[in-house]
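Below is one structure, written out as structure tokens, with a few remarks after it.
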Amino acid sequence: MSWVRTEMALAQAAPASVRGPVAWVRKNLVGTVGDTIMTILGIAIVAWILPQVINWAFINAVWTGPDRTVCATVAQGGIQPDGWTGACWAFVNAKFGQFMFGTYPIEERWRPILVAILFVVLLVPMLIPRVPRKGLNAILLFLMLPIVSFFLLIGGVFGLPHVETSRWGGLLVTLSLSFVGIAVSLPLGTVLALGRRSKMPIVKTLCVVFIETVRGIPLITVLFFVSVMLPLFLPAGVTFDKFLRALIGVSLFAAAYMAEVVRGGLQAIPKGQYEGADSLGLGYWQKMGLIVLPQALKLVIPGIVNTFIGMFKDTSLVLIISMFDLLGVVKQNFSDANWATPQTARSGLVFAAFVFWLFCFGMSRYSMYTERRLDTGHKR
Amino acid sequence: MASQEVLREESSRASFINDPKVRSLFFQTLVVIVLFGSVWWIVQNVIDNLQRLHIASGFGFLKGRAGFDISDTPIAYTSDSTYGRAIVVGLINTIIVAVAGIITATIIGFVIGIGRLSHNWLIQKICTVYVEVFRNIPPLLVIFFWYSGVLAVLPAPRDSYHLPFGSFLNQRGFYFPRPVWGEGSWLIFVALLVGIAMAWFVARTARQRQMATGQQFPVLWTSVALIVGLPLLAYVLSGFPLSFDLPKQSTFNLTGGFQVKPEFLSLYLALSCYTAAFIAEIVRAGIRGVSKGQTEAAAALGLRSGSILRLVVVPQAMRIVIPPLTSQYLNLTKNSSLAIAIGYPDLTATAGTVLNQTGQAVEGVLIMMIAYLILSLVTSAVMNVVNARMALVER
């Protein structure tokens, strides 16, 4: 006779070979001989680098101090024992104000701080999808804020003392250059991309020549161009602010790259969308503005953010036309005799790298988040 | 009938303004007028300004005496040479650092990119950290880091680090033995060329034989034997003509050998590390772009994992990888202009010096732009040829 089981067999835990930390290690670290060798190699690399980094950046680091002596060994005229290496965060600490604002007058530094607060207050709700009134927010952020910031930072009105742009520096320059660059390059790049796909031969040729030329040359050459050639292009006596020249250079450069990104999006929109818009009787700008561009831009968000990140990093090049952005100020301070030690350069650069990294990494993560959110599931 | 005629007439009359052709003609005429107007205005201003500054336009200044020294000169150059030659020196330096950087960045990038796809958790994480660190900091900062943060704090020549093969590392750069080609060493180069030619011939014949008969031939080992063995044989036969000029340590400096200056070294290392992070991402995307079915089908055919990678995955991945790889190569070439920040005499640096000395801003910037455009075009052309060979051959 057959035997029929009446109660359920008790569920048993999975065997130890497929779950738990041991199985995880076996699967992910020592699966095969090759794997094991790689793991040992990896552990060797980590064990070699990580303690050195931690030692340098935290354990041996000097956090506060009045001048170079705290960061130099006895042989170098300081107080540290011979053979000491550690980060000189005291240098960063002492120069923090300069790294942020350059030589912006100390009693006026509330102005950039106020701008920064306004920027954060307007940007955060812009970035959170659930917060309503995006249109108003965008107008405030991209139209009002630049105007208000302009008067606040430059001054000369409402009893605010005038501050020359040559006194701006540090993160202030980096952020304002990139913000304006972003705000200008996206619309300009979109127009260039539309021009490149236009059926009008002259407009098309102009756009192609501009885009390909700018993309073919380094940003430094573009900056040279605007800093050396622009004064020649203008009538005698008309001069441009150096900051404005850098702004023009960076924006034009980014616009050419942006144009290619947007063009990729435009090409990805099926012809049916264009024809559908035509058959509804929409004009060119209606067709583009209401049907094509919203879809195209959404497709290329990662590319757009990548261009932003690239531009943010590229603003560091204004150092070459002797403007002092964050990296420029940090480098300028290496030559400060009060702080010159073998550790100064490394510490300053690591700090600058960390600031740049925070911004760029933040942007790239936000773009990934947006990409997931806007994914309408039409992708294969 | 009559009403239709009227309608058509009316519609054709009304469509005059809305006719796309008319509109496009009008718009383009407007663009041309504005363009020529502004160009004319700019040219007038430039002429005025140049006259005011007493600068003669034209490229005649290239024949003038440069009067400044260049630290790295791959071709003969002194301060008595012409401006033109100074710019050529800069161009060659740019090409040297770009080619060296492209090779190293490709190697590091492929290793890291494949590492990010590894099943090994630790390797994967290490590679991810590398990519995320280098992708998100400016290349200029990486250059400064190598230059001021690493190479400048190396010991003085007296306490140089001794490295294998008689090379040294100190704050003046990296020194390694310089090969000195003695008499009869031309035979080695001839042997190398013959070896390469024979290896190519063997590979072709082997492929044809495999196509015809299915029999395989160990092409790789034969080629290695030919390319390495023949020059070695020539070296022995011609009586060991190759010797090395070793760097020697004296009290304050190193003499002899070949010196790689810290400027070049930091630019080269920085460009390689920075671009490698991007290449790694491209390689990763390329390999992931090959669908799993391809690997499984290859495995079902009985190919070994090495053959799957070589014959099925890599050829398809390369198709995805090459176009963005090209643009990374172009970026690296353009980023080499950052050399100016640490004083490596590349094209931008020398042309910039010439521009400052002569005041020939228009010509100087033009030369820079054209040189970089040509470099970009050449790189694109080479990569397009590679791409065409890799591309899917469809019926």
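So the sequences go chain by chain: A and B.
Heads up: the first sequence is residues 1 to 380, going by the numbering used here.
Heads up: the second sequence is residues 1001 to 1395, going by the numbering used here.
C-beta atoms are modelled at their ideal positions from N, C-alpha and C, and glycine is treated no differently.
Please name the residue, chosen from the options, that lies closest to residue i on a Cα-to-Cα basis.
i	options	result
residue 1117 of chain B	B:1260, B:1107, B:1128	B:1128
residue 200 of chain A	B:1120, B:1024, B:1074	B:1024
residue 1236 of chain B	B:1213, B:1253, B:1191	B:1191
residue 965 of chain B	B:1049, B:1159, B:1181, B:1109	Because chain B is modelled from 1001 through 1395, residue 965 of chain B falls outside the range shown and cannot be assessed.
residue 1075 of chain B	B:1093, B:1060, B:1063, B:1066	B:1093
residue 1090 of chain B	B:1382, B:1338, B:1362	B:1338
residue 185 of chain A	A:248, A:269, A:50	A:248
residue 116 of chain A	A:85, A:98, A:175	A:175
residue 1316 of chain B	B:1131, B:1387, B:1382	B:1387
residue 311 of chain A	A:229, A:258, A:80, A:27	A:258
residue 1198 of chain B	B:1220, B:1162, B:1210	B:1220
residue 166 of chain A	A:245, A:277, A:364, A:260	A:245
residue 1342 of chain B	B:1122, B:1268, B:1306, B:1328	B:1268
residue 92 of chain A	A:269, A:108, A:66	A:66
residue 153 of chain A	A:331, A:109, A:221, A:267	A:109
residue 1167 of chain B	B:1255, B:1272, B:1016	B:1255
residue 1294 of chain B	B:1313, B:1281, B:1306	B:1313
residue 256 of chain A	A:295, A:227, A:288, A:208	A:208
residue 1372 of chain B	A:357, A:189, A:220	A:220
Using a cut-off of 8 Å between C-beta atoms, extract the partners of residue i located in chain B.
i	result
residue 360 of chain A	1135, 1136, 1137
residue 389 of chain A	Given a span of 1 to 380 for chain A in the structure shown, any question on residue 389 of chain A remains unanswerable.
residue 228 of chain A	1355, 1361, 1364, 1365
residue 232 of chain A	1045, 1046, 1049, 1050, 1361, 1362
residue 46 of chain A	1122, 1126
residue 197 of chain A	Per Cβ cutoff of 8 Å: no residues; residue 197 of chain A is ~14 Å from chain B at best.
residue 42 of chain A	1120, 1122, 1123, 1126
residue 345 of chain A	1144, 1148, 1149, 1152, 1153
residue 221 of chain A	1337, 1348, 1365, 1368, 1369, 1372
What residue range is occupied by the uninterrupted beta strand (DSSP E) comprising residue i?
i	result
residue 1176 of chain B	1173–1176
residue 160 of chain A	It is not in any beta strand (DSSP E) - residue 160 of chain A carries neither H nor E in the DSSP assignment.
residue 1258 of chain B	1258–1260
What does the Cβ neighbour count give for residue i, buried or exposed, with the cut at 16 atoms within 10 Å?
i	result
residue 138 of chain A	exposed
residue 325 of chain A	buried
residue 1019 of chain B	exposed
residue 1259 of chain B	buried
residue 29 of chain A	buried
residue 284 of chain A	exposed
residue 379 of chain A	In this prediction, residue 379 of chain A has a pLDDT of 49, which is less than 50 and means its spatial position is unreliable; nothing more can be read from the coordinates.
residue 196 of chain A	buried
residue 366 of chain A	exposed
residue 1002 of chain B	Its pLDDT being 48, under 50, residue 1002 of chain B is placed unreliably by the model, and nothing is read from it.
residue 1159 of chain B	exposed
residue 339 of chain A	buried
residue 1032 of chain B	exposed
residue 135 of chain A	exposed
residue 1063 of chain B	exposed
residue 1161 of chain B	exposed
Can you tell me which residues form a DSSP beta bridge with residue i?
i	result
residue 1168 of chain B	B:1162, B:1175
residue 62 of chain A	A:88
residue 1243 of chain B	B:1180
residue 332 of chain A	Answer is none; residue 332 of chain A lacks a bridge partner.
residue 1255 of chain B	B:1248
residue 170 of chain A	A:325
residue 1065 of chain B	B:1082
residue 80 of chain A	A:73
I'd like the span of the alpha helix (DSSP H) that includes residue i, first residue to last.
i	result
residue 253 of chain A	242–268
residue 360 of chain A	344–374
residue 1363 of chain B	1361–1390
residue 314 of chain A	301–314
residue 104 of chain A	Here residue 104 of chain A belongs to no alpha helix (DSSP H), and DSSP marks it neither H nor E.
residue 1329 of chain B	1314–1335
residue 1031 of chain B	1020–1053
residue 1128 of chain B	1121–1135
Taking Cβ-Cβ distances shorter than 7 Å, what residues in chain B pair up with residue i?
i	result
residue 320 of chain A	1340, 1341
Quick one: which chain A residues come within Cβ less than 7 Å of residue i?
i	result
residue 1028 of chain B	200, 202, 203
residue 1376 of chain B	216
Along chain A, in chain order, which residues have C-beta atoms closer than 9 Å to that of residue i?
i	result
residue 1021 of chain B	Near residue 1021 of chain B there are no residues of chain A at all, since even the closest Cβ is about 10 Å away, more than 9 Å.
Residues of chain A with CB closer than 8 Å to the CB of residue i, please, in chain order.
i	result
residue 1042 of chain B	233
At a CB-CB cut-off below 9 Å, which residues of chain B make contact with residue i?
i	result
residue 113 of chain A	Here the premise fails: no neighbours, minimum Cβ distance about 24 Å.
- If you measure beta-carbon to beta-carbon, which residues of the segment 4–38 of chain A are closer than 7 Å to chain D? The structure shown contains no chain D; the protein chains it does contain are A and B.
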